[in-house]
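Asker: Residue numbers (the working numbering), protein chains in the order written: chain S, 1 to 781; chain W, 1 to 781.
#1: Using 8 Å for Cβ pairs, my map puts residue 473 of chain S next to residue 464 of chain S. What's the rounded Cβ distance?
#2: Spatial neighbours of residue 271 of chain W within its chain, please: C-beta separation below 8 Å, excluding the five flanking residues on both sides.
#3: Note down the Cα distance separating residue 366 of chain W from residue 300 of chain W, rounded to an integer number of angstroms.
#4: Around the C-beta of residue 330 of chain S, are 16 or more other C-beta atoms found within 10 angstroms, so that it is buried, or is it exposed?
#5: With burial defined as no fewer than 16 other Cβ atoms inside 10 Å of the residue's Cβ, what is the status of residue 150 of chain W: buried or exposed?
#6: Whole angstroms is fine: what's the gap from residue 373 of chain W's alpha carbon to residue 41 of chain W's?
#7: State buried or exposed for residue 297 of chain W, treating a residue as buried only when at least 16 other CB atoms are found within 10 Å of its CB.
#8: Examine the Cβ distances between the segment 739-747 of chain W and the segment 592-601 of chain W and report whether three or more of them are shorter than 8 Å.
#9: In chain S, which residues lie less than 9 Å from residue 585 of chain W when you measure between Cβ atoms?
#10: Against chain W, which members of the segment 198-232 of chain S pass a CB distance test of less than 7 Å?
#11: Got a sec: is the Cβ-Cβ distance from residue 615 of chain W to anything in chain S below 9 Å?
#12: Hey, residue 233 of chain W and residue 21 of chain W are a contact pair by Cβ (cut 8 Å); roughly how many whole angstroms apart?
#13: In chain W, which residues lie with their C-beta within 8 Å of the C-beta of residue 525 of chain S?
#14: Kindly identify the DSSP beta-bridge partner or partners of residue 237 of chain W.
#15: Taking the CB atoms as reference points, tell me whether residue 125 of chain S and residue 370 of chain S lie closer together than 9 Å.
#16: Interface residues of chain W around residue 549 of chain S at Cβ under 9 Å?
#17: Identify the contact partners of residue 737 of chain S in chain W, using a Cβ-Cβ distance below 9 Å as the criterion.
#18: In angstroms, rounded to a whole number, what distance separates the CA positions of residue 543 of chain S and residue 201 of chain S?
#19: Mapping the DSSP letters down to three states, classify residue 564 of chain S as helix, strand or coil.
#20: Taking C-alpha atoms, which residue in S:120, S:25 and S:486 lies nearest to residue 415 of chain S?
#21: Using the C-alpha atoms, what's the distance from residue 524 of chain W back to residue 16 of chain S?
#22: When you compare the CB of residue 498 of chain S with every CB in chain W, is at least one pair closer than 9 Å?
#23: I'd like the list of long-range same chain contacts for residue 293 of chain W, defined as Cβ closer than 6 Å, with 5 residues on each side in sequence excluded.
#24: Judging by CA-CA distance, which residue of S:359, S:328 and S:436 is the nearest neighbour of residue 337 of chain S?
#25: Could you tell me whether the segment 98-115 of chain W touches the segment 57-67 of chain W, where touching means 3 or more Cβ pairs closer than 8 Å?
#26: Considering just the uninterrupted stretch of the beta strand (DSSP E) at residue 741 of chain S, what are its terminal residues?
#27: Per DSSP, residue 722 of chain W forms a beta bridge with which residues?
#28: Grab me the residues of residue 107 of chain W's own chain with a C-beta within less than 7 Å of its C-beta, minus the 5 sequence neighbours each way, in chain order.
#29: Please report the distance separating the alpha-carbon of residue 532 of chain S from that of residue 456 of chain S.
#30: When burial is assigned at 16 or more other CB atoms within 10 Å of the CB, is residue 376 of chain W buried or exposed?
#31: Please list the partners that residue 482 of chain S has in chain W, where partner means a Cβ-to-Cβ separation under 8 Å.
#32: Span of the alpha helix (DSSP H) holding residue 588 of chain W?
#33: Mapping the DSSP letters down to three states, classify residue 301 of chain S as helix, strand or coil.
#34: Check residue 100 of chain W in the structure and name its three-state DSSP category.
This is how it looks when you write it as structure tokens:
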């Protein structure tokens with residue numbers, strides 16, 4: 001329907017987009033609120049116990065932390081394993097075109113939200129940004145599916161009885177049919193999930209533009225202006241919702257997570273080398289973090305040993321909490337609380353002397369205040385360090401904080417609990433930058449060094465070193481901190497850290513993670529230069545299993561049992577009968593799940609052996625008598641049925657066992673089927689959809705065989721490339737069209753190979769490592 | 001060579017990127033400086049003449065303006081026609097894959113810079129942002145070509161004589177050969193031009209991130225993380241250079257063109273409806289501007305009548321300057337100069353009473369101050385309107401300014417002089433927004449309405465309505481104004497204005513312009529939904545002209561004369577001799593300029609009639625005797641020669657007359673060529689490059705014909721699609737791979753059609769207009 005120039009479909013898309021935004025904002029608020037609530041309760045509890053003895057406090061503190069992580073990691077390991085870690089990596093993999101089992105299910109979403117709250121409030125150096133991206137994607141996925149399900153469920157209701165159902169029936173008729181069919185394809189889902197992921201990050205940082213750019217630059221592989229536009233709406237909704245919930249009133253001001261004040265945006269050319277030093281150091285730390293994480297990954301228990309993973313998580317938590325508890329005790333400095341900080345509950349006592357009754361001076365432990373506060377507040381404090389004389393943190397405390405936090409971060413990064421690495425990276429970078437800034441202050445007293453600026457530069461450079469993202473990080477930092485005046489130092493930090501980090505370690509955190517996950521084949525947006533020198537011939541798999549246009553069921557079933565291939569080229573019989581399989585010209589491609597559906601729906605007929613071996617020409621071959629009238633109905637079913645009714649089935653269908661579930665063997669054994677009612681009421685699309693069994697051919701079965709005619713359902717326009725095509729072009733075609741397989745043909749259009757996502761990813765990985773001397777180009781002759 | 005992990009090629013690319021950034025920053029500074037200089041001189045002159053009588057001032061003022069525009073439009077019309085207008089549209093078209101003649105030449109660049117300075121300082125409502133994008137692209141193009149030329153020129157120097165030349169020779173040997181060959185292809189040029197365009201916009205607005213995003217969202221059709229990264233470096237260099245030149249000292253602060261202060265970033269929910277009103281109104285004005293501009297375009301003289309175009313420009317200038325001069329005289333209000341504005345030379349007298357000697361109060365004409373100042377200062381003043389009581393502009397002046405400026409803007413938009421529409425759009429929007437804000441102030445006195453906020457919202461919404469850009473506009477506005485606190489109102493304005501404007505007029509300013517330029521075929525990033533219902537068969541051209549693998553020169557030449565096709569499929573003779581042209585299988589594709597080069601280099605041989613009609617099989621046919629040894633040299637030449645040596649030739653070669661220039665007719669007539677020296681010194685690549693004439697076959701010519709063998713040079717892996725492929729997929733393949741033609745084949749790989757960029761663009765335009773009822777999907781049966 002048209003509604004002011006928009007069709008109902010467009011309207012529905014906008015509704016879903018806005019709903020995603022609102023929900024993501026709400027969930028972000030819940031996570032933040034609960035997390036701060038738990039941390040505050042913990043803190044109050046600790047403070048109350050402080051007089052009763054330090055050991056009691058320690059026991060209490062660690063017990064709470066370990067319990068929280070135990071809960072979260074048990075949920076993850078025994079209920080929803082896909083919820084572990086940050087989730088950004090898998091969102092990227094999904095949006096790149098991989099199927100990730102269970103990644104967007106209810107239980108994963110629930111575990112992610114609850115687990116993140118528990119993990120963060122336990123005191124582990126873990127952030128909520130990565131999980132928010134996953135949650136955003138999951139909500140988007142949820143909304144698209146829910147819609148699809150409710151619509152299809154409605155279709156199964158019996159005839160309307162009450163006025164209510166009649167009315168609902170009418171309403172349903174109003175809905176354009178196109179909805180269900182144009183809506184739940186991969187492309188639309190991907191777009192919604194891109195928008196959801198953007199909203200998640202936007203809500204986490206209070207950065208609507210940054211979220212969109214992150215989704216574009218890092219998370220999404222397919223992008224268009226439409227998606228950008230939709231993501232922008234979505235992130236705006238999420239940010240406004242969060243801002244409204246946080247302030248309990250509508251406001252236009254940004255919730256900018258780590259907004260800071262107190263810095264002067266004035267720097268001179270003499271500050272430049274200092275910024276360079278900070279950026280380079282932070283970039284190096286970021287790159288080293290990735291290297292160490294990669295190296296540590298081999299020592300961690302594999303995810304098969306669930307109990308071990310849980311134990312690991314608890315152990316890491318214990319170490320972290322103990323360190324957080326002990327370090328301030330041993331190394332913290334007790335400083336008097338400054339004027340203007342009085343009201344702030346953030347600075348509190350912990351092993352420091354009681355407030356001096358005479359002078360009215362209270363004391364706080366600077367290291368404890370760095371460690372015990374909500375991480376966001378700590379970062380705010382670090383970034384706000386101006387060039388004023390009295391710094392709230394001593395140099396030694398900053399050095400201990402940055403190094404110990406880095407150590408704990410490395411330990412915690414990779415445990416079996418939900419949690420992201422954005423916030424800890426910022427924390428390490430900011431702490432390290434502030435430390436360097438303080439040192440510069442001491443060494444160059446006349447230069448008016450602002451440690452807060454160095455904290456900002458350090459945090460940015462650290463993120464740059466870890467993630468290797470460019471534009472989106474700049475915008476996130478600018479939006480998150482609200483400091484547009486600091487744009488140029490931020491850009492400088494990003495550029496330098498990227499350069500330095502790239503020299504140390506070529507892959508960013510997400511890329512390394514993607515490489516470590518074996519079953520995911522991630523295609524970067526650009527193939528490596530060396531792919532130019534390779535042709536399609538070199539990367540294709542040449543053992544292609546093809547079907548003829550009409551193939552016996554026995555053969556089809558045995559092939560499906562033996563292989564896991566997802567697509568099968570259909571070849572034509574040439575007119576000379578001796579030319580068989582290898583000589584056949586490619587006429588189409590059929591997918592595995594299409595064949596399974598055909599078998600399930602018994603869209604098979606009996607053919608005698610002569611038909612099966614009959615030489616056939618295109619269009620002149622055997623025509624199925626009644627199929628033409630129903631072809632469209634089954635055709636439509638073929639396209640959408642599987643996705644709508646079995647959302648989690650597509651990846652299951654690639655198992656060889658899937659064939660068994662169709663009970664096709666019984667059919668083959670019985671093979672004695674009476675004629676089903678012929679052309680009864682198959683004009684009705686709805687009924688034709690629900691029972692297609694009458695497609696089965698009525699025939700007597702003397703000397704005949706069951707066969708499938710693939711022609712009506714195959715994709716008759718498969719994209720093919722020639723064997724001489726450069727691998728680079730193949731890669732780009734694969735990437736931009738989101739293909740799963742691509743047939744390689746010779747000049748006569750005969751199939752000589754097939755290229756799958758796996759082949760490309762494998763070849764790319766191998767050729768990346770292949771060293772080709774740039775001085776000897778192709779023509780060394 | 002490797003240099004800390006980077007090859008020389010990469011290093012060269014970085015050098016070029018940074019150089020582009022620096023140059024763009026420099027040119028932006030020159031344009032701004034000269035323009036402000038001229039305006040200031042004009043203003044001082046006017047002020048001095050003010051006492052001598054108004055008519056003298058008027059004459060003087062208009063004479064200067066008309067002279068400036070006369071200069072600029074004469075330059076454009078008689079020397080460099082490609083420099084007219086903003087240029088963003090043509091940059092977009094170029095980056096989309098079109099060839100724009102003369103667009104990136106020296107004279108165009110020079111005219112653009114000089115013309116922009118003249119046009120802007122004449123007082124026309126025209127901005128420098130669009131031209132800066134063009135200038136950035138042109139500089140990038142210039143740098144890539146210059147490099148290529150100098151390298152190739154060096155190759156022609158004779159043997160080294162002095163120590164200097166020997167040394168230079170050695171240096172040249174050090175340069176990896178890959179440089180020239182991997183560097184001047186379309187892809188690399190496009191990437192540099194993308195970065196240059198980004199730098200141009202960044203310099204114009206002082207918005208490094210906004211520039212990158214603009215280049216990504218609007219200007220560039222091909223984008224990758226690498227390009228983004230490079231553009232970021234480029235924009236940063238440009239911005240820093242500009243900032244340094246402006247402030248005469250190194251500074252990290254942004255040069256943000258229209259940065260403003262004085263607004264409070266506090267708004268309440270009651271402000272929301274007011275913002276909505278402003279956004280919607282401004283969006284509507286923006287869309288109407290496009291409609292009126294489209295409508296007016298038919299009345300303007302065509303660009304063939306050069307004198308008429310110049311006259312038009314002068315007339316428009318006269319009207320504009322006269323209006324600017326007369327309006328303040330008749331409608332301006334004389335207001336006393338406030339405290340704090342004293343030092344600002346911006347507010348000056350003009351028909352107002354002389355300063356009151358007793359009270360010391362000076363007066364200024366508010367409308368004159370809006371009109372006469374440098375546009376940027378006016379915008380700053382408008383955006384800085386807080387909710388303080390005394391506004392520097394009266395409501396009536398604002399209303400007259402906004403409406404008259406809009407009128408003059410429409411007149412000036414489209415004249416034959418360089419100039420962009422960014423700044424006038426902002427001006428109209430800001431003026432209109434400020435007007436609305438003042439009205440709101442009057443009507444809702446208790447609401448603390450800030451007219452400056454409405455000016456900001458209005459300017460943003462106006463841009464949104466005119467350009468339909470989203471993210472990049474948000475970032476440009478935020479960076480340009482330096483007001484991150486106003487992010488959410490800006491987003492709101494963009495979203496609302498886009499929605500409203502889309503309902504009124506579907507295409508943005510750039511899209512309308514692209515449609516109006518006939519010879520450019522611009523492919524949007526996404527095909528329209530309706531393209532799903534069409535197949536490749538419906539959009540292809542079926543009159544394909546194919547060549548056989550070995551074709552007689554006579555036939556080739558006559559085909560080249562008769563058609564303008566750019567690519568020719570090469571077909572194979574099938575083994576049954578009666579199957580001829582339409583039955584041949586596709587074995588390759590050869591481009592027009594490749595054929596021209598083959599002819600120019602006389603890479604032809606004599607063949608008897610029997611050879612020409614010989615049935616041939618792949619690889620078993622006639623082998624050219626000496627060609628194989630030189631094949632690689634000529635092959636390499638074929639790839640790069642044309643681009644490197646004749647930068648502006650590629651589009652020329654598509655004229656049928658290009659064949660004549662090769663003097664091939666003389667060759668065919670003479671046809672009596674003695675044998676050229678056979679295998680003399682053709683091992684030397686350099687020499688082989690400069691004289692390839694000896695490829696010509698030595699033969700006696702009794703009953704023989706000259707022929708070309710295309711096989712060694714054709715692209716042996718042409719991408720093909722089947723006729724059943726959906727047009728949507730064809731579109732995406734075309735767009736992402738930047739193809740120029742795509743062969744359509746049947747199941748036997750025989751060519752049945754060809755799709756060119758033109759076909760796609762035409763079909764897309766037609767199908768966009770085709771109304772398909774969404775309620776009757778494909779299966780209406």
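We put the CB at the ideal spot given by N, CA and C, even for glycine.
Answerer: Walking through what the data contain:
#1: If you number the first chain from 1, residue 473 of chain S lands on position 473. If you number the first chain from 1, residue 464 of chain S lands on position 464. Yes, they are in contact, since the Cβ atoms of residue 473 of chain S and residue 464 of chain S sit about 6 Å apart, within 8 Å.
#2: Locating residue 271 of chain W in the second chain gives position 271, counting from the first residue. Within the same chain, residue 271 of chain W has close Cβ partners 447, 449 and 453.
#3: Position 366 of the second chain holds residue 366 of chain W. Position 300 of the second chain holds residue 300 of chain W. Between residue 366 of chain W and residue 300 of chain W, the C-alpha separation is close to 34 Å.
#4: Translated into the one-based positions of the first chain, residue 330 of chain S becomes position 330. With fewer than 16 other Cβ atoms within 10 Å, it is exposed.
#5: As a working note, residue 150 of chain W is residue 150 in the second chain. Confidence is the limiting factor: at residue 150 of chain W the pLDDT is only 40, short of 50, which leaves the residue's position unreliable, though a coordinate-based value still follows. Classification of residue 150 of chain W: exposed, given that the 10 Å Cβ count is below 16.
#6: Position 373 of the second chain, counted from the first residue, corresponds to residue 373 of chain W. Position 41 of the second chain, counted from the first residue, corresponds to residue 41 of chain W. About 12 Å.
#7: Here the question's residue 297 of chain W lines up with position 297 in the second chain. Label assigned to residue 297 of chain W: exposed.
#8: no
#9: Locating residue 585 of chain W in the second chain gives position 585, where the first residue counts as 1. Those are 747, 748 and 749, listed as they occur along chain S.
#10: 208, 209, 212, 217, 224, 225, 226, 228, 229 and 232
#11: Within the second chain, residue 615 of chain W is the residue found at index 615, counting from 1. Summary for residue 615 of chain W: the model assigns pLDDT 43, below 50, so the residue's position carries little reliability; its value from the coordinates is reported in the next sentence. No - not a single Cβ of chain S is within 9 Å of the one on residue 615 of chain W.
#12: Position 233 of the second chain holds residue 233 of chain W. Position 21 of the second chain holds residue 21 of chain W. Yes, they are in contact, since the Cβ atoms of residue 233 of chain W and residue 21 of chain W sit about 7 Å apart, within 8 Å.
#13: The sequence position of residue 525 of chain S within the first chain is 525, counting from 1. Under the 8 Å cutoff, chain W gives 224 and 225.
#14: Position 237 of the second chain, counted from the start, is the residue given in the question as residue 237 of chain W. Answer by DSSP bridge pairing: none, since residue 237 of chain W is not bridged.
#15: What you label residue 125 of chain S is simply residue 125 of the first chain in a count that begins at 1. What you label residue 370 of chain S is simply residue 370 of the first chain in a count that begins at 1. Not closer than 9 Å, so no.
#16: Counting from 1 along the first chain, the entry for residue 549 of chain S is found at position 549. Ordered by position in chain W, no residue passes the 9 Å Cβ test against residue 549 of chain S, which lies about 11 Å from the chain.
#17: Position 737 of the first chain, counting from 1, holds the residue named residue 737 of chain S. Within chain W, the residues near residue 737 of chain S are 729, 732, 733 and 736.
#18: The residue labelled residue 543 of chain S in the question sits at position 543 within the first chain. The residue labelled residue 201 of chain S in the question sits at position 201 within the first chain. Approximately 44 Å, taken between the alpha carbons.
#19: Residue 564 of chain S sits at position 564 when you count from the first residue of the first chain. DSSP places residue 564 of chain S in coil when its eight states are reduced to three.
#20: If you number the first chain from 1, residue 415 of chain S lands on position 415. Taking only the C-alpha atoms, the option nearest residue 415 of chain S is S:120.
#21: Walking along the first chain from the start, residue 16 of chain S turns up at place 16. Walking along the second chain from the start, residue 524 of chain W turns up at place 524. Near 25 Å, if we compare the C-alpha coordinates of residue 524 of chain W and residue 16 of chain S.
#22: For this step, residue 498 of chain S is matched to residue 498 along the first chain. Judged by the 9 Å Cβ criterion, residue 498 of chain S is in contact with chain W.
#23: Translated into positions along the second chain, residue 293 of chain W becomes position 293. The answer, listed in chain order, is 413.
#24: Residue mapping note: residue 337 of chain S aligns to position 337 of the first chain, counting from 1. It is S:359.
#25: no
#26: Walking along the first chain from the start, residue 741 of chain S turns up at place 741. Where residue 741 of chain S is concerned, the enclosing beta strand (DSSP E) stretches over 741-745.
#27: Position 722 of the second chain holds residue 722 of chain W. Residue 722 of chain W pairs with W:745.
#28: Taking the first residue of the second chain as position 1, residue 107 of chain W is located at position 107. Answer for residue 107 of chain W: 79 and 80, listed in chain order.
#29: Looking up residue 532 of chain S in the first chain gives position 532. Looking up residue 456 of chain S in the first chain gives position 456. Looking at the two C-alpha atoms, the distance is approximately 41 Å.
#30: Residue numbering aside, residue 376 of chain W sits at position 376 when the second chain is read from its first letter. Classification of residue 376 of chain W: buried, given that the 10 Å Cβ count is 16 or more.
#31: Along the first chain, one-based indexing puts residue 482 of chain S at 482. Per Cβ cutoff of 8 Å: 484 and 485.
#32: Position 588 of the second chain, counted from the start, is the residue given in the question as residue 588 of chain W. Unbroken run through residue 588 of chain W is the beta strand (DSSP E), 585-591; no alpha helix (DSSP H).
#33: Within the first chain, numbered from 1, the residue matching residue 301 of chain S stands at position 301. Residue state, collapsed to three classes: coil.
#34: Residue numbering aside, residue 100 of chain W sits at position 100 when the second chain is read from its first letter. Three-state DSSP puts residue 100 of chain W in coil, outside helix and strand.
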